[in-house]
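K.L.:
Under UniProt numbering, the first residue of the sequence shown carries the number 1, and numbering increases by one thereafter.
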Amino acid sequence: MKIAVLKEQVDGERRVAATPETVRKFVALGATLAVEAGAGQSASIADAAYADAGASVADRAAAISGADIVLGVQAPDPATLAGAAPGAWVVASFNPFGERARVDAYAAAGLEALAMEFMPRITRAQSMDILSSQSNLSGYKAVLDAAAEYGRAFPMMMTAAGTISAARVFVMGVGVAGLQAIATARRLGAQVSATDVRAATREQIQSLGAKPIFVESVAGIEGEGTGGYAGEMSPEYQAAQAELVSGHIAKQDIVITTALIPGRPAPRLISAAQVASMKPGSVIVDLAVEQGGNVEGAVAGEIVEVNGVRIVGHRNVPSRLAADASALFSRNLFNVLSAFWDKETGRPVLDAEIGDAIRLTRDGAIVNPRLQP
């Protein structure tokens with residue numbers, strides 16, 4: 001069983017799909033590891049570290065040649081995988097809804113695409129969930145990015161020259177990223193509030209010492225979607241939420257938005273009018289900018305200023321913490337493959353619950369029900 005680890009080809013992608021730690025673990029299972037030269041360089045991992053862990057370091061063609069499994073952070077162009085074993089698995093993030101043409105190309109190439117972002121949100125798959133591990137880092141980094149753009153201190157400071165008030169931070173969307181953003185902002189000394197359409201998150205917000213901001217006037221709407229995500233709200237709820245947020249957001253120094261709906265554009269949480277209501281010097285960090293953005297006026301890959309308010313739209317935020325993001329991502333990959341490792345055949349054999357959820361293509365066809373018409 002040969003496993004290939006490739007250098008990422010997407011501009012700005014600094015993560016790598018395996019670390020020396022996971023290489024050693026795969027070797028212990030009996031696998032042969034081939035790592036493309038320079039694959040870990042941007043994540044501060046030298047080729048020598050992979051070699052010391054038991055992998056061979058080679059050029060791309062040699063690493064791919066005969067590979068039964070290819071590991072990636074972002075799925076490579078299938079045209080670049082010539083030489084892999086017939087029906088080879090490619091385990092990576094695929095963005096299946098946004099990059100459907102690439103999924104079709106994988107089917108045409110006879111490769112088996114396993115999309116890690118389709119991992120079901122069930123208890124036994126928690127250690128395999130790349131969305132959670134990477135979102136956790138995104139929430140942390142969002143607060144640091146906001147602090148870097150904000151021209152004032154976060155904590156309240158009492159000095160001989162007078163008192164500096166604590167920054168007011170508002171987190172919109174209390175999933176994994178939002179919870180980490182709350183915790184990080186609190187550690188930095190900010191006065192934190194948060195909101196979400198899911199009523200169940202109220203206690204989570206309070207447990208972190210933040211103030212929950214919720215619509216109280218519309219009953220019977222819990223906002224729970226599937227798999228732990230928020231669902232889409234009724235027009236009545238959206239109107240009530242917009243009114244509540246408008247009054248609150250004008251008083252904030254920093255706003256961090258994290259709301260996503262799988263397979264659909266990110267919901268619009270902040271309008272241009274709401275941005276205009278904020279004080280000059282305020283900062284908004286839009287973590288959903290690559291899926292269309294929660295904030296009107298946010299631009300993917302840029303920091304724009306509107307009426308003195310800075311809107312931060314960094315792409316691929318986990319990659320901005322490449323070493324830690326790679327460590328977590330690579331463990332997610334190892335956890336899913338090792339959990340199903342069959343000692344007799346010397347390869348993983350996925351069960352139906354996990355395999356059917358993450359498998360996009362097989363035997364030249366698209367087989368995932370979420371991608372069917």
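Ideal Cβ placement from N, Cα and C applies to all residues, glycine included.
Quick check: residue 296 and residue 272, are their CB atoms within less than 7 angstroms of each other?
P.N.:
Yes; because the gap between Cβ atoms is below 7 angstroms, this pair is in contact.
K.L.:
Keeping to the same chain, check which residues put their C-beta closer than 7 angstroms to that of residue 319; ignore five residues upstream and five downstream.
P.N.:
Here the set comprises 12, 13, 14, 15, 325.
K.L.:
Give me the residue from 191, 264, 210, 268 with the minimum Cα distance to residue 235.
P.N.:
Checking every option, the nearest Cα to that of residue 235 belongs to 268.
K.L.:
Who are the near neighbours of residue 289 in its chain, counting only those whose CB is closer than 6 angstroms to its CB and skipping five residues on each side?
P.N.:
The answer, listed in chain order, is 298, 300, 313.
K.L.:
Work out the CA separation of residue 333 and residue 220 for me, nearest whole Å.
P.N.:
For residue 220, the pLDDT reaches just 45, beneath the cut-off of 50, and the residue's location in the model is therefore unreliable, leaving the point undetermined.
K.L.:
Give a yes or no on contact between the segment 58-75 and the segment 85-92, applying the rule of three or more CB pairs nearer than 8 angstroms.
P.N.:
Yes: the two stretches touch, three or more of their Cβ pairs being nearer than 8 angstroms.
K.L.:
For residue 177 versus residue 133, is the C-beta distance shorter than 7 angstroms?
P.N.:
No, these two residues do not count as a Cβ contact at 7 angstroms.
K.L.:
Going by alpha carbons, who is nearest to residue 109 out of 85, 116, 131, 121?
P.N.:
The residue with the shortest Cα to Cα distance from residue 109 is 85.
K.L.:
For residue 274, which of 261, 259, 255 has the nearest alpha-carbon?
P.N.:
When only C-alpha atoms are compared, the closest one is 255.
K.L.:
Going by C-alpha to C-alpha distance, which of 59, 128, 210, 87 sits closest to residue 189?
P.N.:
Minimum Cα distance to residue 189 is reached at 210.
K.L.:
Residue 196 to residue 129, Cα distance in whole Å?
P.N.:
If I take the Cα positions, the gap works out to 22 angstroms.
K.L.:
Any idea which residues DSSP pairs residue 170 with across the strands?
P.N.:
Answer is 193, 255, bridged to residue 170.
K.L.:
Excluding the 5 residues flanking residue 284 on each side, which residues of the same chain have their C-beta closer than 6 angstroms to its C-beta?
P.N.:
So the qualifying residues of the chain are 255, 295, 311.
K.L.:
Name the one or two DSSP bridge partners that residue 151 has.
P.N.:
DSSP output for residue 151 lists no bridge partner at all.
K.L.:
Within 10 angstroms of the Cβ of residue 112, are there 16 or more other Cβ atoms? Answer buried if so, exposed if not.
P.N.:
Buried, because 16 or more other Cβ atoms sit within 10 Å of the Cβ of residue 112.
K.L.:
Could you work out which residue in 373, 339, 106, 98 is closest to residue 124 when comparing CA atoms only?
P.N.:
When each option's Cα is compared against that of residue 124, the closest is 339.
K.L.:
Going by CA-CA distance only, name the one from 198, 3, 359 that's closest to residue 65.
P.N.:
Checked all of 198, 3, 359; the closest Cα to residue 65 is 3.
K.L.:
Hey, which unbroken runs of the beta strand (DSSP E) at 3 residues or more fall wholly within the segment 93-131?
P.N.:
For the segment 93-131, whole beta strand (DSSP E) runs of length 3 or above, ordered along the chain, are 112-115.
K.L.:
Identify the continuous alpha helix (DSSP H) that holds residue 355 and give its terminal residues.
P.N.:
Element bounds for residue 355: 352-358.
K.L.:
Check whether the Cβ atoms of residue 259 and residue 277 sit closer than 7 angstroms, and answer yes or no.
P.N.:
In this structure, residue 277 does not lie closer than 7 angstroms to residue 259 by Cβ.
K.L.:
With residue 6 and residue 53 assumed to form a contact (beta carbons below 8 angstroms), what rounded beta-carbon distance in angstroms separates them?
P.N.:
The pair is not a contact, with the Cβ atoms about 17 angstroms apart (cut-off 8 angstroms).
K.L.:
With DSSP collapsed to three states, give me the class of residue 138.
P.N.:
Correct three-state label for residue 138: helix.
K.L.:
Hey, would you say residue 43 sits closer than 7 angstroms to residue 23, going by beta carbons?
P.N.:
No, the Cβ-Cβ distance between residue 43 and residue 23 is not below 7 angstroms.
K.L.:
To the nearest angstrom, report how far apart residue 214 and residue 364 are at their CA atoms.
P.N.:
Going by the C-alpha atoms only, they are around 48 angstroms apart.
K.L.:
If you check the beta carbons only, do residue 359 and residue 131 fall under 7 angstroms apart?
P.N.:
Result no, Cβ atoms of residue 359 and residue 131 do not sit closer than 7 angstroms.
K.L.:
What residue range does the beta strand (DSSP E) around residue 286 cover?
P.N.:
It spans 283-286 - the beta strand (DSSP E) in which residue 286 sits, taken as one unbroken run.
K.L.:
Do you know how far the Cα of residue 194 is from the Cα of residue 182?
P.N.:
About 8 angstroms.
K.L.:
Excluding sequence positions up to five away, which residues of its chain have a Cβ less than 8 angstroms from the Cβ of residue 315?
P.N.:
For residue 315, where only same-chain residues beyond five positions count, the Cβ hits under 8 angstroms are 12, 289, 290, 300, 301.
K.L.:
Could you give the distance in angstroms between the alpha-carbon of residue 76 and the alpha-carbon of residue 150?
P.N.:
Using only the alpha carbons, I get a separation of about 37 angstroms.
K.L.:
How close, in whole Å, do the beta carbons of residue 201 and residue 140 come, if the pair is a contact with beta carbons under 8 angstroms?
P.N.:
Their Cβ separation, rounded to whole angstroms, is 18 angstroms, which puts residue 201 and residue 140 out of contact at 8 angstroms.
K.L.:
By Cβ distance, which residues of its chain are closer than 6 angstroms to residue 146, with the 5 residues on each side in sequence left out?
P.N.:
254, 283, 285.
K.L.:
What is the DSSP secondary structure of residue 80, reduced to helix, strand or coil?
P.N.:
Helix, per DSSP.
K.L.:
Which class does residue 186 belong to by DSSP, given the choice of helix, strand or coil?
P.N.:
Three-state DSSP puts residue 186 in a helix.
K.L.:
Where residue 205 and residue 366 are concerned, what is the direct C-alpha to C-alpha distance, given to the nearest angstrom?
P.N.:
Going from the Cα of residue 205 to the Cα of residue 366 covers about 40 angstroms.
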